């Protein structure tokens, strides 16, 4: 496994990190706690020593499972979580409606008010079973709260020793610029993969110039780039992919055809498609780490080995040409 410093902060993270969204079960067909704990612990053994979660993933469930996985291993793990998406208080900006793992209706609100951030931090510390959160990230922007107020709350938590580094997620360059007027942000966490490259226009260049680390989420396009999601697969209703245009049978066929053309490149590195596209993601200038999800030990082992693959410049460019040839998947 290779490691990199996260922006100008003091965190050293692996190029492949563990994304724990699916661990919470919510929007991913339900949880399997025992398998998730084994997967995270196996990942730590293989050098996947950064785990990213959030309170809203399973309404606290993902954080609790992460806490179980890192118990007794805290000194070997970078723990990253978030604030700003509330399901337990209807304040801020209404974001969307959903159901929890038990099928109960939930309303999700964006809320980055200082009192909300402080409350969320305390709850996350308890669920994770830690005294300090290594990377504390604003999950989504909250247009109802001044960024100065949000940053002051985060800087206060940092001063108290409850968080080590401040990060953001899904922030534009303008929002990051406003944050930077108040204090240092170590990272931004945007969606980024070979099929969804919007951040290359503005976000990635801004972060590179300002030495802000990038934690790329959804680096395998929620499994689409693994080659394991065929056109006939049926997702359960509580799986977010069940109604996404990108996962239409026709789009899945198109992606599978593209992957077949990439097979010679994958074979050159003795890599699976998933490993190839994880390696491609972390090879992009400015990307610090890819947040790869895993539901079992076999998946995390496959992901971890991608951290050892170094693609040539020619193969990086060849893969880009292949995915650009696909056009839009909508």
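Numbering (the numbering used here), first residue to last: 395 to 724. Note that the Cβ used here is the ideal one computed from N, Cα and C, for glycine as well. The structure presented is a predicted model; accordingly, all values stated were derived computationally and were not measured.
If you count every other CB in all the chains shown that lies within 10 Å of the CB of residue i, and 16 or more means buried, which is it?
| i | result |
| --- | --- |
| residue 436 | buried |
| residue 408 | buried |
| residue 455 | buried |
| residue 535 | buried |
| residue 533 | buried |
| residue 722 | exposed |
| residue 538 | exposed |
| residue 590 | buried |
| residue 649 | buried |
| residue 559 | buried |
| residue 404 | exposed |
| residue 637 | exposed |
Note down, in chain order, each residue of its chain lying with its Cβ closer than 6 Å to the Cβ of residue i, except the 5 sequence neighbours on either side.
| i | result |
| --- | --- |
| residue 673 | 700, 703 and 705 |
| residue 433 | 688, 690, 691 and 694 |
| residue 724 | 639 |
| residue 480 | 503 and 505 |
| residue 397 | 406 and 408 |
| residue 575 | none |
| residue 577 | 545 and 549 |
| residue 508 | 543 and 547 |
If you drop the 5 nearest sequence neighbours on each side, which residues of the same chain put their C-beta closer than 8 Å to that of residue i?
| i | result |
| --- | --- |
| residue 602 | 679 and 680 |
| residue 461 | 521, 522, 523 and 524 |
| residue 465 | 523 |
| residue 431 | 459, 462 and 463 |
| residue 669 | 660, 663, 696, 697, 699, 700 and 703 |
Short of 7 Å in beta carbon distance, which residues of its chain neighbour residue i, apart from the five on each side in sequence? Order them along the chain.
| i | result |
| --- | --- |
| residue 616 | 635 |
| residue 571 | none |
| residue 441 | 395, 408, 698 and 701 |
| residue 567 | 596, 597 and 600 |
| residue 712 | 659 |
| residue 426 | 689 |
At the level of alpha carbons, what is the spacing between residue i and residue j?
| i | j | result |
| --- | --- | --- |
| residue 710 | residue 655 | 14 Å |
| residue 657 | residue 667 | 8 Å |
| residue 542 | residue 506 | 11 Å |
| residue 548 | residue 477 | 10 Å |
| residue 415 | residue 448 | 7 Å |
| residue 540 | residue 504 | 13 Å |
| residue 671 | residue 715 | 13 Å |
| residue 498 | residue 557 | 32 Å |
| residue 653 | residue 489 | 35 Å |
| residue 445 | residue 544 | 24 Å |
| residue 612 | residue 514 | 24 Å |
| residue 588 | residue 717 | 7 Å |
| residue 683 | residue 585 | 12 Å |
| residue 647 | residue 624 | 7 Å |
| residue 457 | residue 619 | 27 Å |
| residue 663 | residue 622 | 19 Å |
| residue 552 | residue 530 | 9 Å |
| residue 627 | residue 720 | 21 Å |
| residue 400 | residue 561 | 10 Å |
| residue 573 | residue 593 | 18 Å |
| residue 707 | residue 429 | 37 Å |
I think residue i touches residue j, with their Cβ atoms under 8 Å apart; what is that distance to the nearest whole Å?
| i | j | result |
| --- | --- | --- |
| residue 510 | residue 485 | 7 Å |
| residue 501 | residue 493 | Between residue 493 and residue 501 the Cβ distance is about 11 Å, and since that is not below 8 Å, they are no contact. |
| residue 417 | residue 443 | With a Cβ gap of about 16 Å, residue 417 and residue 443 do not count as contacting. |
| residue 528 | residue 474 | 6 Å |
| residue 402 | residue 605 | 5 Å |
| residue 452 | residue 685 | No, residue 452 and residue 685 are not in contact; Cβ-Cβ is about 16 Å, not under 8 Å. |
| residue 581 | residue 607 | 4 Å |
| residue 467 | residue 438 | 6 Å |
Item to complete: Starting from the N-terminal side, write out each stretch of the alpha helix (DSSP H) that is 4 residues or longer and does not extend beyond the segment 687-716.
Response: 691-699
Worksheet item: Considering only residues of the segment 543-609, which uninterrupted beta strand (DSSP E) runs meet the minimum length of 3 residues and lie entirely inside it, listed in chain order?
Response: Uninterrupted beta strand (DSSP E) stretches at least 3 residues long and entirely within the segment 543-609 occur at 557-563 and 581-583, given in chain order.
Practice prompt. With a floor of 3 residues, list each beta strand (DSSP E) that falls wholly inside the segment 461-537, ordered by position along the chain.
Written response: 472-477, 487-493, 499-504 and 527-532
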